[in-house]
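Here's the structure, in C-alpha cells; my notes come after.
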Amino acid sequence: MTDTQRCTIVENINIAKDTWQMRLTANTAGFAPGHFVNVAVPGFYLRRPLAVCDYDDAGFTMVYRTVGGGTHALAQAQPGDVLDVLAPLGNGFSRRQNQKVLLAGGGVGLAPLYALAKRLAADGCAVDVACGFNTADEVYLFEAFTGVAARCVAATADGSFGVRGLVNAAITGENYDWFYACGPTAMLKALCQTLPGGGEVSLEERMACGFGGCMGCAIETVNGMKRVCKDGPVFQKGDLLW
Amino acid sequence: MTDTQRCTIVENINIAKDTWQMRLTANTAGFAPGHFVNVAVPGFYLRRPLAVCDYDDAGFTMVYRTVGGGTHALAQAQPGDVLDVLAPLGNGFSRRQNQKVLLAGGGVGLAPLYALAKRLAADGCAVDVACGFNTADEVYLFEAFTGVAARCVAATADGSFGVRGLVNAAITGENYDWFYACGPTAMLKALCQTLPGGGEVSLEERMACGFGGCMGCAIETVNGMKRVCKDGPVFQKGDLLW
Amino acid sequence: MVNKHDLSVEMSGLVLDNPVIPASGTFGFGEEYAAFYDLDILGSFAIKGTTRDARAGNPTPRIAECPAGMLNAVGLQNPGVDTVISRELQAIKSFFHKPVVANISGFSVEEYVDACRKVDACDNVGLIELNISCPNVHGGGMAFGTSPAMAAEVTAAVKAVVTKPLYVKLSPNVTDIAEIALACEAAGADGLSLINTLLGMRIDLRTRKPVLANRMGGLSGPAVFPVALRMVHQVAMAVKVPVIGMGGVASAEDVIEMMMAGATAVQVGSQNLVDPYACKKIIEDLPAVMARLGIGALRDIIGAAVSV
Amino acid sequence: MVNKHDLSVEMSGLVLDNPVIPASGTFGFGEEYAAFYDLDILGSFAIKGTTRDARAGNPTPRIAECPAGMLNAVGLQNPGVDTVISRELQAIKSFFHKPVVANISGFSVEEYVDACRKVDACDNVGLIELNISCPNVHGGGMAFGTSPAMAAEVTAAVKAVVTKPLYVKLSPNVTDIAEIALACEAAGADGLSLINTLLGMRIDLRTRKPVLANRMGGLSGPAVFPVALRMVHQVAMAVKVPVIGMGGVASAEDVIEMMMAGATAVQVGSQNLVDPYACKKIIEDLPAVMARLGIGALRDIIGAAVSV
Ligand SMILES: Cc1cc2nc3c(=O)[nH]c(=O)nc-3n(C[C@H](O)[C@H](O)[C@H](O)COP(=O)(O)OP(=O)(O)OC[C@H]3O[C@@H](n4cnc5c(N)ncnc54)[C@H](O)[C@@H]3O)c2cc1C
Ligand SMILES: Cc1cc2nc3c(=O)[nH]c(=O)nc-3n(C[C@H](O)[C@H](O)[C@H](O)COP(=O)(O)OP(=O)(O)OC[C@H]3O[C@@H](n4cnc5c(N)ncnc54)[C@H](O)[C@@H]3O)c2cc1C
Ligand SMILES: Cc1cc2nc3c(=O)[nH]c(=O)nc-3n(C[C@H](O)[C@H](O)[C@H](O)COP(=O)(O)O)c2cc1C
Ligand SMILES: Cc1cc2nc3c(=O)[nH]c(=O)nc-3n(C[C@H](O)[C@H](O)[C@H](O)COP(=O)(O)O)c2cc1C
Ligand code: FES
Ligand code: FES
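Protein chains in written order, with my numbering: chain A, 98 to 339; chain B, 98 to 339; chain C, 21 to 328; chain D, 21 to 328.
Here you go:
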C-alpha cells in the first residue's frame, strides 16, 4: 500500500561524478520495478521524486544526481538520519517472460532499470542492457548490470568508457521482443522513433504530490490527459504523441 | 567583537518545567553580564534572542523556556549539533563595586542575572537575590544563586516553594544602593515604581536583527527612540517612560 | 477530553463537524485521498475546479518550487461539468457521505451560470464556490476577480439560478480585496472564500527561461499565510456574510489563527500535496491545541481578533 | 578566474561594481554593518527611508515572524532629512566611498519634493529612490503607490526639482503593477524599484490579538521572492527604463534569477537582518555561480527570460 513512512538511511555514498546512492530501511511491500518514491527533504517544500533502483525485504536503494538544492541536501544526509518517504508510487514496468528484451538507460535514468533487469532475468528473459553516460567518471552500476544482463554495453559521449556515442551506439543486438527505456526526453523520443518493436519508457515531470491529487504532472497522450505520477511514469511507446 | 560564530552544543537539558539549559562552546571574548545572543534555529526565518546566563573562556550557557516553535525546536537539539549564533549583543549591565545590590528576576528573566551576580560578588558587592516563579516545578538555578549571593529568597505564586507571592515578596532587605531586574514587563514596571533607589532593568522586544540594523525593537524613552537590541536591552530606571 | 471540545461550525445553514475543508485543486475528486484515510472525518471537501466544458489544462511543466511554497499552472484541467456530475460526484458517494463544495470556474457569465445550475441540482453538493480568481488561464477567471463590477455581475447571474449557498472565491492579486468582497455580497453572495493563489514566477537559471510552460503560476503554501490572513481579516471586517479562509494553512494552529482573523471555515490546499495526511492530522490535533489555548467551542473564536 | 567575470552594471549613468545593494530599512545608515565587513565591496546601499520631518515610527511589537519571511511595521522611524544629511550622510563617508541610494518617503507631494530636493544636493547621493509604497504608515505612502495618477503626480513633481537619477519604488499590493510603472515612467522616472513589502498580518493565539501593534505589517523575505520576480518581469516587459529588483533575495542564484527577470540591479533586504554577512557572501559567491552557468558579464543576462 502506498503510504508515508519514516525510513532510516543505511548508506549514502558518492558512486560516480555528482551521483549518489542511498540505501534506506523500509517496508517494501508492494514495491515493483519502475516504481518511484517521493522524498521529503528537510528545508524544502515539495518532496523529491526519485526512482527505486533496487529493493528487497529490508529496504530499497535510490541513485540520484546532485542537480539542485534538494539533491545537494540529500547528499549531506548521514546514515542513521531518518527521511519521510511516500512510497511506492507509479505504475511500474510491465512483466515479460522468456523474451528477448532491451533495457536502455541514459545517465541517472539507468537506475530504475536495475530492479527491472533482475526481475526480467528471473522471469527467463534474455536481457541486453545499453547504457549511456557523458564521460567515464559518470559511469555507475555497470558492474552490477553486467552481473544480471546477458549483454551490457556502455557508451560515453566522449568515448572515455565503452563505445563512443549516445546510448543508441550501445545497442548492439536486434529484433528485441520489447524494450524498456529511461533517461533524458530527447533520448526517449529518439529510441521510440528508431527502435522497431514495441516498448515502454519511464518519463519525468515536475511533480507536486506524486500520487495523483494535483494534476501537476499531466501530459497529453493518445488516450487523453494522463498523470505521469499515477497513470505513469511508465508509458507504452504507442501511448505517447511523439 | 560581535560576530556570527558556529557554536557546538555541549549540553541541552531540561532543568525545570518547560525550562531548558543549553551550554555551547564559543569564543566568548567581549561577553559581559546582561549580553544576549541571537540564535539561528534551523527551519525558522528569524533568529531567537536569548540572554547569556553564564560564560567562561570555553563557552556560555543559556536558559530558555519552550514557548513556541523556535524554542521547542531548540529543545530537540542534541549535544554535538552546531548552531549559528550572533554574539555578544546588547549593552550589558553596569558595574558596581562594594555596594549593596538587589537582583530581582522573574521566571526565565532570572537567567541573565546569574553572570551578573558572580561579577558583582567578585567586585565586592553584597548581592541579595529575589526570584519569582509560578510554581515549585518551575524553580531553577536557585542553588547556584545561593552559592554566590549574600541572601537568596524565592517566591512562588502558589507558595509551593519559598514565600508565597510575586517577586516583591522575596525582597527582604532594604536600602539597596542599586537594583537590577529582569522578567515580565509588569514585574519590571512594578519594581521601578516601588523600589526607592536607582536601578536598571533588562527589557524584551520582538527583534529581527538584534544588532541595530532594522529599528524593529525601538521604544520611546526619555532620551528619544532607543533600540532595545543595541542601546539596551538594559535601561536605567530613569530612562523609561514608566 | 476530546468531546469537551466542540469543533462544529455553521455556514449559511450548512453545519460542518469541523471547519477543515481540503481546498479545490489539491484534493482531486477525493479518490486518491480516500486511499490514505477515511474522508468522513473532514468538515467537507472542495472538488477540483470544474468548468462547463472539458479542459486539458496547460502544458507541463506546471509546477515550480518556492521557499515555503509552490507555484502551479495546472490551468483548470477537468473533464467538464457533465462528466463531473455523472462520474465524479457519483463516485464520491462511495467514500464520502457529506455534502461537498463544488468549485466552479468559467470564462464567461454564461459558462458560470450553466455549470452552476447543473451542480446545484446534485444532492451531494452542499455549497457552490464560484472561482473568479484562477490566475492560470488566459482571458477568463481572473478578470472577474479583479473588477468589482464584473465580480458582481457573475455573482448576481449565478445567484439567480442556484438554490445552494453561493460562495465567491476571491483573488488576492488586487489592490482592495474588501471592495470586491463587498460587491459580491451586495450582488447576493452567501459568503466569500479566499484566497486563491498569488501570481508568481520562477526562472530556470540553466535554460534562462521561466520554469513553468505558462510562464507564470499561482503561489500557494505557508509562504502566503500572512497575506491570506490579512485579507481574510479585511474581508471579515467589511462583510456580514461568512468567510472561508485559506492560503498556507498547514497546522491546527494555523486553522485557529485563520478563524481568529474572521474565518468561519478553513480550507487546506498545498499542504495535502506534500503530506496526504495533512487534514487528518490537523483535525486530530485541534482538540489538544484548543485545550492549550482555553478554547471550548471553535465557533467562539471566529473573528476574535477582528473586533479589538 | 574571478576577474574573468564582470559584475558591473550601469543604471542611468551610474556604474556599479556589482548589482548588489542592501535595501532600505534593513541596513540602517550602514554603520552597524560596517562593523561586520568593509562596505566598499557593495554596489551601493540604500539608506533607511527618510522623511522631511523626524518620525518616531510605530509602537512595538513591530516585528512578527512568518514562514520563510517576516512582517515589519517599523513605520518609517527616522531623524528627518536635515539630520540625515548633516549627520548620517556625513558619517557614511568614513566607511563607504561610493554613492548611496537615498530612499525618501512622504505623506504629501510637498513633503516628497522638499526632502528630495535636499538629498539631491548631497555629493554622496547617487540615486534617489522615491518610496511611494510603504504599507506601514497611515494616510500616506501607500496611497501614492496604488494609484497611477497619484504616482505620476508625485514623480513629476519630484523630477522637476532633482538632478540625480530618480527611481520610484513600487508597491506590490496592487492589481496591475505595470500600469503604475508606466505612469511613473511617463511622468519622468529614470527607473523603477520593486517590490516593497506585501501587506500581511499575524495573530497571537494566546492573546487573540494581532502580533503587531500596528495590526498589519509588510511581508518580506524568501516567501515573497516568486511574487517579486513576477512583478519585476511584468514591469521590465512594460517599461524602457531600468528596474531595480528586490523581494526575498537571499543568494547569488536569486540575484541572477532577478536579473534574468529583467532587473539591472538587485536589492537585498531582510536577509541582512538574519545574516549580517548576507550581501558579502552573495557578492563573493557570484563569480563561481556565473562560471557554473556560463555567464561572462552579469549585464548580459538582464532580462534574458523576458524576451522569449
Ligand atoms: C518519476 C521520477 C523519477 C525520478 N528518478 C530519479 C532518479 O532515480 N535519480 C535522479 O537523480 N533523479 C530522478 N528524477 C529527477 C529528480 O526528481 C530531480 O533531479 C530532483 O527532484 C531535483 O531536485 P533538486 O532540488 O536537486 O533540484 P531543483 O532544480 O532545485 O528542484 C526544484 C524543483 O524542481 C523539481 N525538479 C527539478 N528537476 C526535476 C526533474 N528532472 N524531474 C522532476 N522534477 C524536477 C524538484 O523536484 C523541485 O520540486 C526523477 C523524477 C521523476 C519525476
Ligand atoms: C534580549 C532578549 C533576551 C531574552 N532572553 C531570554 C532567555 O534568556 N530565556 C528565554 O526563555 N527567553 C528569552 N527571551 C525571549 C525569547 O526570545 C522568546 O521566548 C523566543 O524568541 C520565543 O521563540 P519561539 O519560537 O519559541 O516562540 P514564537 O512565539 O513562536 O516566536 C515567534 C517570533 O516571536 C518572537 N518572540 C516570541 N516571544 C518573544 C519574546 N518574549 N521576546 C522577544 N521575541 C519574542 C520570536 O523570537 C520569533 O521571532 C529573550 C528576549 C529578548 C529580546
Ligand atoms: C495544484 C493546485 C491547483 C489548484 N486548483 C484550483 C482550482 O481548480 N480552483 C480553485 O478555486 N483553486 C485552485 N487552487 C487554489 C487553492 O484552492 C487555494 O486557494 C490556494 O492554493 C491557497 O491555499 P494553500 O496555500 O493552502 O494551497 C489550486 C491550488 C493548487 C496548489
Ligand atoms: C525592517 C524593514 C524596514 C523597511 N523599511 C523600508 C523603508 O524605510 N523604505 C523602503 O522603501 N522600504 C523599506 N523596507 C522594504 C525593503 O526595502 C524591501 O523593499 C522589502 O523588504 C523586500 O525585500 P526583502 O524581501 O529582501 O526584504 C523595509 C523592510 C524591512 C524588512
Ligand atoms: S504530481 Fe500531483 S497529480 Fe501527479
Ligand atoms: S532588532 Fe533590529 S534594530 Fe533591534
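Even for Gly, the Cβ is constructed at its ideal location relative to N, Cα and C.
Using the C-alpha atoms, what's the distance from residue j back to residue i?
i, j, result
"residue 53(D)", "residue 29(C)", "51 Å"
"residue 292(C)", "residue 141(A)", "15 Å"
"residue 280(C)", "residue 78(D)", "23 Å"
"residue 43(C)", "residue 303(D)", "41 Å"
"residue 81(D)", "residue 323(B)", "14 Å"
"residue 112(B)", "residue 119(B)", "10 Å"
"residue 120(D)", "residue 159(B)", "40 Å"
"residue 160(C)", "residue 320(A)", "The predicted position of residue 160(C) is uncertain, since its pLDDT is 49 and thus under 50; no value can be drawn from it."
"residue 189(B)", "residue 330(B)", "7 Å"
"residue 325(B)", "residue 314(B)", "6 Å"
"residue 264(A)", "residue 60(D)", "52 Å"
"residue 114(C)", "residue 31(C)", "25 Å"
"residue 168(A)", "residue 225(C)", "16 Å"
"residue 98(A)", "residue 104(C)", "27 Å"
Considering just the uninterrupted stretch of the alpha helix (DSSP H) at residue i, what are its terminal residues?
i, result
"residue 105(D)", "No alpha helix (DSSP H) contains residue 105(D), which DSSP labels as neither H nor E."
"residue 250(C)", "245-258"
"residue 292(D)", "291-294"
"residue 214(B)", "210-219"
"residue 166(A)", "166-173"
"residue 140(C)", "129-140"
Going by C-alpha to C-alpha distance, which of the options sits closest to residue i?
i, options, result
"residue 326(C)", "311(D), 228(D), 111(D) and 144(D)", "228(D)"
"residue 19(D)", "251(D), 308(D), 299(D) and 204(D)", "Nothing about residue 19(D) can be reported from this structure: the residues present for chain D run from 21 to 328 only."
"residue 176(D)", "112(D), 95(D) and 132(D)", "132(D)"
"residue 318(B)", "60(D), 76(D), 67(D) and 37(D)", "76(D)"
"residue 107(A)", "116(A), 122(A) and 101(A)", "122(A)"
"residue 274(B)", "294(B), 290(B), 264(B) and 280(B)", "294(B)"
"residue 103(B)", "110(B), 138(B) and 307(B)", "138(B)"
"residue 272(B)", "308(B), 224(B) and 148(B)", "224(B)"
"residue 181(A)", "323(C), 296(C), 48(C) and 164(C)", "296(C)"
"residue 139(D)", "165(D), 106(D) and 286(D)", "106(D)"
"residue 91(C)", "249(C), 243(C) and 285(C)", "243(C)"
"residue 199(A)", "175(A), 173(A), 220(A) and 276(A)", "276(A)"
Are the CB atoms of residue i and residue j nearer to each other than 8 Å?
i, j, result
"residue 185(D)", "residue 147(D)", "yes"
"residue 288(D)", "residue 205(D)", "no"
"residue 214(A)", "residue 226(A)", "yes"
"residue 183(A)", "residue 124(A)", "no"
"residue 211(D)", "residue 236(D)", "no"
"residue 246(C)", "residue 190(D)", "no"
"residue 251(A)", "residue 258(A)", "yes"
Could you pull the start and end residues of the beta strand (DSSP E) that residue i belongs to?
i, result
"residue 279(B)", "275-279"
"residue 253(A)", "248-253"
"residue 53(C)", "Not the beta strand (DSSP E): residue 53(C) falls in the alpha helix (DSSP H), residues 51-54."
Mind listing which residues of the stretch 304-321 of chain A have their C-beta closer than 7 Å to chain C's C-betas, in chain order? 304, 305, 306, 308, 309, 310, 311, 312, 313, 314, 315, 316 and 317
When you check each C-beta in the stretch 287-299 of chain C against every C-beta of chain A, which residues fall closer than 9 Å? 290, 292, 293, 294, 295, 296 and 297
Would you list, in chain order, the members of the stretch 291-304 of chain A that have their beta-carbon closer than 7 Å to a beta-carbon of chain C? 302, 303 and 304
Closer than 8 Å, Cβ to any Cβ of chain D: which residues of the stretch 210-232 of chain C, in chain order? So the list reads 218, 219, 220, 221, 222, 223, 225, 226, 228, 229 and 230, given in the order they occur along the chain.
When you check each C-beta in the stretch 47-68 of chain D against every C-beta of chain B, which residues fall closer than 9 Å? 47, 48, 51, 52, 53, 55, 56 and 68
Taking only beta carbons into account, state which residues of the stretch 232-246 of chain D come closer than 7 Å to chain C, listed in chain order. 236, 239, 242, 243, 245 and 246
Mind listing which residues of the stretch 131-154 of chain A have their C-beta closer than 8 Å to chain C's C-betas, in chain order? 137, 141, 142, 143 and 144
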